[in-house]
Amino acid sequence: MGELKAEVSSLADTAEIGTAAWWDRVVREFQVFDSPVVVGSKTTYAVLDPTKQIVKRVAVKQDASGTVVIKVAKEVGGSLEPLDDATGNDEIGSLESYLISRQPFGVDFLLVNLAADKLRVYATVYYHPVLDIDSVKEAVDQAIKGYIAALSFDGKVYVRRLTDAIQLAAGVRDVSPVVISGSSGSLSVSTDQVYETASGHVVEDPDVLFLSTLQFEPFEP
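Under the working numbering, the first residue of the sequence shown carries the number 1, and numbering increases by one thereafter.
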């Protein structure tokens, strides 16, 4: 019976090789600077050590050419960061070597390991005139940060949903129009619809804070 279960498990593993779920699992199993071993027909590690499994966020898609695009990030102090590529601590190089050892025949992959995209928000916020403007600004700032913090890895920033989040902030009566600008490296995109992150995650642009690009006006019925 044990041999039958092992055979069924092996067949299941083989059947799903190359799927998005398979790539996701393989990336999460990666142990930095460890050398994988082959046990039977399966590539694994001699000792499984969760402390070495540094990849905490994974997103897998296939592009138009059939290449598997894999976005990754690790956690540092509660924040998402790219894997290190420094000489002597080349985490992303170690991951790439591991994936090459697991790579299905005839399948190409591309690792995306980038710092978080930087987001700017432009809008005019109309607030209840009897309220303290500083408290309204704080509520709006937290609403925007709460929205982006809740995004799934490789999620998209939808302007309409962001607008809804701002409108729900305490003291806000209306907001219009909302335009966002996202950047990754030297690339920058402005839109009033949807922004898709290059890195898979997004943060407030530290050089241009949300409150510096928002205009606040008292609401007049």
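Positions of the beta carbon are idealized from the N, C-alpha and C atoms, including for glycine. Note that the structure is a prediction, hence the values are computed from the model and not measured.
Backbone secondary structure at residue i - three-state DSSP
i: Lys52; result: helix
i: Tyr45; result: coil
i: Gln31; result: coil
i: Asp141; result: helix
i: Ala64; result: coil
i: Leu131; result: coil
i: Ile166; result: helix
i: Met1; result: In this prediction, Met1 scores a pLDDT of 47, lower than 50, which makes its location untrustworthy; no coordinate-derived value is stated.
i: Val8; result: Low confidence applies to Val8: its pLDDT is 40, below 50, so where it sits in the model is not reliable enough to give any reading.
Identity of the residues DSSP links to residue i by a beta bridge
i: Ile148; result: Bridge partners of Ile148: none, in fact.
i: Arg225; result: With the chain covering only 1 through 221, there is no way to say anything about residue 225.
i: Phe216; result: Val125
i: Ala59; result: Lys71
i: Val38; result: Thr43
i: Leu80; result: Glu75
i: Val157; result: Tyr195
Identity of the residue in the options nearest residue i by Cα
i: Lys61; options: Ala20, Val76, Tyr195; result: Ala20
i: Glu29; options: Gly40, Pro50, Ile17; result: Pro50
i: Phe216; options: Arg173, Leu83, Asp207, Val208; result: Arg173
i: Asp192; options: Leu162, Val37, Leu168; result: Leu162
i: Phe116; options: Gly155, Asp164, Ala170, Trp23; result: The sequence shown places Ala at residue 116, rather than the Phe named in the question. When each option's Cα is compared against that of Ala116, the closest is Gly155.
i: Ser184; options: Val202, Val175, Ala169, Leu168; result: Val202
i: Val159; options: Leu114, Val69, Leu110, Tyr147; result: Tyr147
i: Trp23; options: Ser212, Glu75, Arg57; result: Arg57
i: Val121; options: Asp132, Ala165, Ser152, Ser135; result: Ala165
i: Lys214; options: Thr44, Lys71, Val140; result: Sequence check: residue 214 is Leu here, not Lys. Answer by Cα proximity: Val140.
i: Ser101; options: Glu75, Ser41, Phe210, Ser65; result: Ser41
i: Val208; options: Ala86, Tyr195, Leu119; result: Leu119
i: Gln198; options: Tyr127, Phe153, Ser79, Val39; result: Before going on, a small fix: residue 198 reads as Ala here, not Gln. Nearest option by C-alpha distance: Phe153.
i: Ile70; options: Tyr195, Gln103, Gly171; result: Gln103
i: Gly88; options: Val39, Val32, Glu16, Ser190; result: Val32
i: Val112; options: Asp132, Pro206, Asp85, Val136; result: Asp85
i: Ala59; options: Glu16, Val38, Glu138, Leu110; result: Leu110
i: Ser135; options: Glu75, Ala170, Val39; result: Ala170
i: Ser65; options: Val107, Ser94, Pro221, Gly93; result: Val107
Assumed close pair residue i, residue j - CB separation to whole angstroms, cut-off 8 Å
i: Thr124; j: Ser176; result: 6 Å
i: Pro218; j: Pro129; result: 4 Å
i: Glu96; j: Ile54; result: At roughly 14 Å, the Cβ-Cβ gap does not stay under 8 Å, so Glu96 and Ile54 are not in contact.
i: Val26; j: Val72; result: Their Cβ separation, rounded to whole angstroms, is 12 Å, which puts Val26 and Val72 out of contact at 8 Å.
For a minimum of 3 consecutive residues, which ranges assigned as the beta strand (DSSP E) are wholly contained in the stretch 82-129?
109-112, 117-127
For a minimum of 3 consecutive residues, which ranges assigned as the beta strand (DSSP E) are wholly contained in the stretch 169-209?
172-184, 187-191, 194-196, 202-204
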